[in-house]
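What follows is a short report on a single structure.
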Amino acid sequence: MNDQDQVCYTFEAAIEMAITMEEEGFRHYLNAIRILKNKGAKEILKDAAIDELHHKQQLELALLEGQISGEGMVQPVPTMNLGYVLAKKELTPNSDAREALAYAIHLEKGAIDFYTRMAQGCTGAPNASLFDRLLADESRHLQILEDLYEQHFLTEN
């Protein structure tokens with residue numbers, strides 16, 4: 170862990186960083202959708218991109234209001250950690266739904282890692298709860314993607 174991992178940002182700076190991260194996630198999904206031919210793969214990534222847009226919109230609203238409003242989960246949900254098992258690779262025009270799901274799982278894992286670092290840097294500070302909530306929300310999205318992957322591509326022996 171480096172020194173940057175232990176930094177706690179102001180509310181506004183933290184929200185701006187989170188908005189940037191969500192925008193980058195959306196752009197990754199959008200670029201992948203543009204190259205894919207497989208309709209099912211495109212649908213999976215479209216749903217994930219819409220989630221990123223909703224996150225960004227919530228964060229921008231928080232920036233306007235000076236706080237994150239509403240109730241939300243605070244504790245991350247357990248995930249299967251499929252990101253450690255699935256190969257991380259770029260999508261090609263011929264990628265299928267399985268590869269698209271693996272791609273989305275890796276992007277969500279990156280968001281979880283980001284919010285984990287931010288939460289650890291703010292331990293004990295007022296902004297810690299902000300990152301805990303964002304981390305919990307991202308973990309919920311990862312769990313949904315992993316459940317979908319398990320349902321369609323992991324067979325029981």
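Counted the way my numbering counts, the sequence shown spans residues 170 to 326.
From the three backbone atoms N, C-alpha and C, an ideal C-beta is built for every residue, glycine too.
Nothing here was measured: the structure is a model prediction, and the numbers come from that model.
Taking the continuous alpha helix (DSSP H) assigned at residue i, which residues delimit it?
i: residue 288; result: 266 to 290
i: residue 249; result: That residue, residue 249, is in no alpha helix (DSSP H); it is neither H nor E in DSSP.
i: residue 237; result: No alpha helix (DSSP H) contains residue 237, which DSSP labels as neither H nor E.
i: residue 304; result: 297 to 322
i: residue 200; result: 180 to 204
As a quick exercise: from the options, pick the residue whose alpha carbon is nearest that of residue i.
i: residue 179; options: 291, 302, 267 and 218; result: 291
i: residue 196; options: 218, 183 and 186; result: 218
i: residue 182; options: 245, 296 and 201; result: 296
i: residue 285; options: 305, 294 and 225; result: 305
i: residue 258; options: 201, 324 and 317; result: 201
i: residue 184; options: 221, 229 and 177; result: 229
i: residue 232; options: 186, 301, 316 and 319; result: 186
i: residue 225; options: 307, 322, 324 and 254; result: 307
i: residue 220; options: 276, 323 and 287; result: 276
i: residue 237; options: 318, 303 and 324; result: 303
i: residue 261; options: 203, 323 and 254; result: 203
i: residue 254; options: 283, 278, 266 and 245; result: 278
i: residue 310; options: 176, 287 and 194; result: 194
So, under 8 Å CB-CB, residue i and residue j are touching, yes? Tell me the CB distance rounded to an integer number of Å.
i: residue 205; j: residue 298; result: Wrong, their Cβ atoms sit about 38 Å apart, outside the cutoff.
i: residue 314; j: residue 274; result: 5 Å
i: residue 266; j: residue 209; result: 4 Å
- request: Specify whether the region 207 to 223 and the region 269 to 276 touch according to this definition: at least 3 beta carbon pairs, one from each stretch, less than 8 Å apart.
  value: yes
task: Indicate whether the contact test is met: 3 or more Cβ pairs, each with one atom in the region 243 to 260 and one in the region 183 to 194, closer than 8 Å.
output: no
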